[in-house]
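K.L.:
For the sequence shown, this note's numbering assigns the number -12 to the initial residue and increments by one for each residue that follows.
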Amino acid sequence: MPTKRQIASGYPNLTRQNVMKKIQYIILYSFLMLAISISSCKKNNDVDTKDVDFSVNANGYLVTYTNATTDAKSYKWDFGDGTTSTDVSPSHTYKTKGKFVVTLYATLTSGNVIQGSTIVNVSKTSPIKLDDNTLADWDTITHTVVLPGPKAGVFQKAKFDYDSQNIYIYLEFKGSVAVGNIFDFYLDTD
């Protein structure tokens, strides 16, 4: 028969023996959960925290890669145009202009492979220098338009070149400073 205290608490089957069993189950369950947690967590010593480190220097179609990755025993470069290299710090000449995703794979001394990628923008360069006070750099430009006959007006020859930033135009015309030929030049750039 339950005591008045058991009836008042709302637990008619609450006995000292039942309470002790429940405490034992809670302790056993807690111990098993702790053991499972500890046994499932193990330190992974194989994880490398190294990073791939390289810099890029582009000069027209020629791109030089400088590798600063440490603790690697071999390297593989994917230049993004279907060609690869195993040199430590290679130079690569692209055949066309464009954007290329370059990836360096480094095999560490531990055997793990790490990788890093960047986008390289390859663009055409021009030998034209606007600040050298000479026209000699135009001698290498072969894109020449010869304007024939009397309809050419004062212009005799035109040369054009470009790079990723500018369009260069060279116009050769007949005339003299004394005459002071004036002409209008219109570019539709869209």
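In this text, a Cβ means the ideal position worked out from N, Cα and C, and glycines have one as well.
By DSSP's criteria, Lys178 is part of a beta bridge. Which residues make up the other side?
P.N.:
Because the chain in this structure spans residues -12 to 177, residue 178 falls outside the shown range and cannot be described.
K.L.:
Identify whether Ser24 lies in helix, strand or coil by the three-state DSSP scheme.
P.N.:
The residue given as residue 24 occupies position 37 in the sequence shown. Note: Ser24 maps to helix in three-state DSSP.
K.L.:
Consult DSSP for Leu15 and reduce its assignment to one of helix, strand or coil.
P.N.:
In the sequence shown, the residue the question calls residue 15 occupies position 28. Helix at Leu15.
K.L.:
Reducing DSSP to helix, strand and coil, say where Ala59 ends up.
P.N.:
Taking the sequence shown and counting its residues from 1, the one referred to as residue 59 is at position 72. The answer is strand: DSSP assigns Ala59 an E or B state.
K.L.:
Take Pro77 as the anchor and find which of Lys146, Leu19, Val107 and Val50 has the nearest alpha-carbon.
P.N.:
For the purposes of this step, residue 77 is identified with residue 90 of the sequence shown, where counting begins at 1. Comparing Cα-Cα distances from Pro77 to each of Lys146, Leu19, Val107 and Val50, the minimum goes to Val50.
K.L.:
Under 9 Å, do Leu19 and Lys60 count as touching if we go by C-beta distance?
P.N.:
What you label residue 19 is simply residue 32 of the sequence shown in a count that begins at 1. What you label residue 60 is simply residue 73 of the sequence shown in a count that begins at 1. Not closer than 9 Å, so no.
K.L.:
Give me the DSSP bridge partner(s) of Tyr81.
P.N.:
What you label residue 81 is simply residue 94 of the sequence shown in a count that begins at 1. Per DSSP, none; premise fails for Tyr81.
K.L.:
Shortest alpha-carbon distance to Ala93 belongs to which of Gln102, Ile156, Asp124 and Tyr16?
P.N.:
As a first step, residue 93 is located in the sequence shown; it is residue number 106 there, counting from the start. That would be Gln102, whose Cα lies nearest to the Cα of Ala93.
K.L.:
Is DSSP giving Val43 helix, strand or coil here?
P.N.:
One-based indexing of the sequence shown puts residue 43 at position 56. Note: Val43 maps to strand in three-state DSSP.
K.L.:
Short check: CB of Tyr191 to CB of Lys84, under 9 Å?
P.N.:
This structure cannot settle anything about residue 191, because the visible part of the chain is limited to -12 through 177.
K.L.:
Are the beta-carbon atoms belonging to Tyr149 and Ser97 less than 9 Å from one another?
P.N.:
Looking up residue 149 in the sequence shown gives position 162. Looking up residue 97 in the sequence shown gives position 110. Contact: no.
K.L.:
Could you work out which residue in Thr90, Ala55 and Thr56 is closest to Ser72 when comparing CA atoms only?
P.N.:
Translated into positions along the sequence shown, residue 72 becomes position 85. Per the Cα distances, Thr90.
K.L.:
Helix, strand or coil: which one does DSSP assign to Asn120?
P.N.:
Here residue 120 refers to the residue found at position 133 of the sequence shown. Correct three-state label for Asn120: coil.
K.L.:
Between the C-alpha atoms of Leu178 and Thr56, what's the straight-line distance to the nearest angstrom?
P.N.:
Given that the chain is displayed from residue -12 to residue 177, the structure contains no residue 178 and the question cannot be resolved.
K.L.:
Identify, in the order they occur along the chain, each residue of the same chain with its Cβ nearer than 6 Å to the Cβ of Asn54, setting aside the five sequence neighbours on each side.
P.N.:
Position 67 of the sequence shown, counted from the first residue, corresponds to residue 54. Phe41, Val75 and Ser76.
K.L.:
Are the CB atoms of Ile169 and Phe147 nearer to each other than 9 Å?
P.N.:
Counting from 1 along the sequence shown, the entry for residue 169 is found at position 182. Counting from 1 along the sequence shown, the entry for residue 147 is found at position 160. Cβ atoms of Ile169 and Phe147: not closer than 9 Å.
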